[in-house]
Amino acid sequence: MKTPLTCLAAAAAAALWAGNAQAEDLLIKIGTVNATSGGAAHLGKDNENGARLAVEELNAKGLTIGGKKAKFELLAEDDAGDPKQGTTAAQKFADDKVNGVIGHLNSGTSIPASRIYAGAGIPQIAASVTNPKYTRQGFKTTFRVVADDVHLGATLGKYAVQTLHAQSIVVIDDRTAYGQGVADEFDKGVKAAGGKVVKREFTSDKATDLMGILTAAKAAKPDVIFYGGMDAVGGPLARQMKQLGIQAKLMGGDGLCTSEMPKLAAGALADGQLICAEAGGIDPNDKAAVKGMDDFKARFKKRFGTEVQLYSPYTYDATMVMAQAMVKANSADPAKYLPVLAKTSGYKGVTGAISFDDKGDIQNGALTLSTFKAGQKATIGVVR
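Those letters in the sequence shown? Residues -23 to -1, 1 to 361, by mature numbering (1 follows the signal peptide of the UniProt record, and there is no 0).
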């Protein structure tokens, strides 16, 4: 018969064992930085939640790395889309010695932050950064899981000239690294396809009154107006185009390809008027890929109570790719798993196969052309 003292000793031993077991867990800190305040907050939170879902699912799997149970922790920071706040967040993560970073949301914050991560030897995988410069700085720590603006701009420029047969094209950008970058690539794409940009204008990423710019654009009698920037300005631009009676097609990159765009345009978009492109995409004829994405969206909505906005499937995949590299390297030490991460080839994610080239760019990245009908996004086609 066990005495009360024996029971107490057994309980103490069990508690000590549990404490030791917890101490043996390998804590892996994954940082993510997004604009979760400001005009792009809905996109920033979408990105953050994609990484959060991945971390929760990784913990549920009970992975073992280096003989220890891996416990992943997501550390989230808001840079408000501001480069200074972005570098501050990056330095904080470097000081905290995080094991890896997913992000940032914007090119303008990711590019300067990437220098800090490179200096600290911390791998960084971007899931929505499309400016080519990001992976062309010579850093070994920068990766991305989406196609860049060279591919996006060239495809949209060709589409404007060869499919829409636009004779007069006006280009507007918001002067951010993303907006100006994608507008420049679109401009090059138009010219390469034999077309002509008759006017270039610029605004800011916080503009609400675009009447002056659009009045000048209207004088050029445009067939197409391309806007390089995000939906927070793209929506008002579409409304004011309608107010001025401009019948041109509106084109843009992934910043206009969001589920919020019709709401921000407040009913100003006619069916098929907006043509946008987002890096990534699932072939609608690939039933397995479509099912995988549908399953992800269902899990995402169940967990967060909201629909996928744009790039959360890519932050999810980026987090999973990083974790897989740690498992393969049998270490969460950046110096040890970074070479394995760089050799990622054929990883089957919800967004498709992921392989990195020698710059850290995704190989054979997809691009989805879309429009909106009755307020809902409709896929025109997926190209590579």
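From the three backbone atoms N, C-alpha and C, an ideal C-beta is built for every residue, glycine too.
At which residues does the beta strand (DSSP E) containing residue 433 begin and terminate? Given that the chain is displayed from residue -23 to residue 361, the structure contains no residue 433 and the question cannot be resolved.
Where the beta strand (DSSP E) through S347 begins and ends: L344 to K350
Can you name the residues that DSSP bridges to Y324? I331
Nearer than 8 Å: is that true of the beta carbon of A225 relative to any heavy atom of the ligand MN? The ligand MN is not part of the structure shown, which contains no ligands of any sort.
CB-CB under 7 Å to G39, same chain, minus the five flanking residues each way: which ones, in chain order? K46
Can you tell me whether E25 is helix, strand or coil according to DSSP? helix
Does DSSP classify D55 as helix, strand or coil? strand
Can you have a look at Q144 and say buried or exposed, based on whether 16 or more other CB atoms are within 10 angstroms of its CB? exposed
Rounded C-beta distance between A8 and F70? I'm assuming under 8 Å. The identity of residue 8 in the sequence shown is Gly, whereas the question assumes Ala. That pair is a contact at about 4 Å.
Excluding the 5 residues preceding and the 5 following M303 in the sequence, name in chain order all residues of the same chain whose CB lies nearer than 6 Å to its CB. I42, A309 and Y314
Span of the beta strand (DSSP E), counted from its first residue to its last, around K117: Premise fails: K117 is in no beta strand (DSSP E) and is neither H nor E.
Please classify P316 as buried or exposed, where buried requires at least 16 other C-beta atoms within 10 Å of its C-beta. exposed
Measuring alpha carbon to alpha carbon, tell me which of L35, S87, A184 and L227 ends up nearest T119. S87
I'd like the list of long-range same chain contacts for V175, defined as Cβ closer than 8 Å, with 5 residues on each side in sequence excluded. S145, I146, V147, A197 and P199
From the DSSP output, in three-state form, read off D11 for me. Strictly speaking, residue 11 in this sequence is Asn, with Asp absent from that position. Three-state DSSP puts N11 in a strand.
Residue range of the alpha helix (DSSP H) that Q220 falls in? D208 to Q220
Nearest to D263 by CA position, among G115, R216, G329 and L20, is which residue? G329
Can you grab the Cα-Cα spacing for the pair D335 / A256, in whole Å? 19 Å
With contact counted as at least three CB pairs below 8 Å, one residue from each stretch, are the segment 46 to 56 and the segment 115 to 133 in contact? no
By the 10 Å Cβ neighbour count, where 16 or more other Cβ atoms means buried, how is G(-5) classified, buried or exposed? Model confidence at G(-5) stands at a pLDDT of 45, short of 50, so the residue's coordinates are unreliable and nothing is read from them.
From what residue to what residue does the alpha helix (DSSP H) around Y136 run? Segment: none, Y136 is in no alpha helix (DSSP H) and carries neither H nor E.
Sorted by chain position, which residues of the same chain lie with C-beta nearer than 8 Å to L3's C-beta, five sequence neighbours on each side aside? I42, G43, K45, K46, A47, K48 and A309
Local Cβ density within 10 Å of R29, reported as buried at 16 or more and exposed below that: buried
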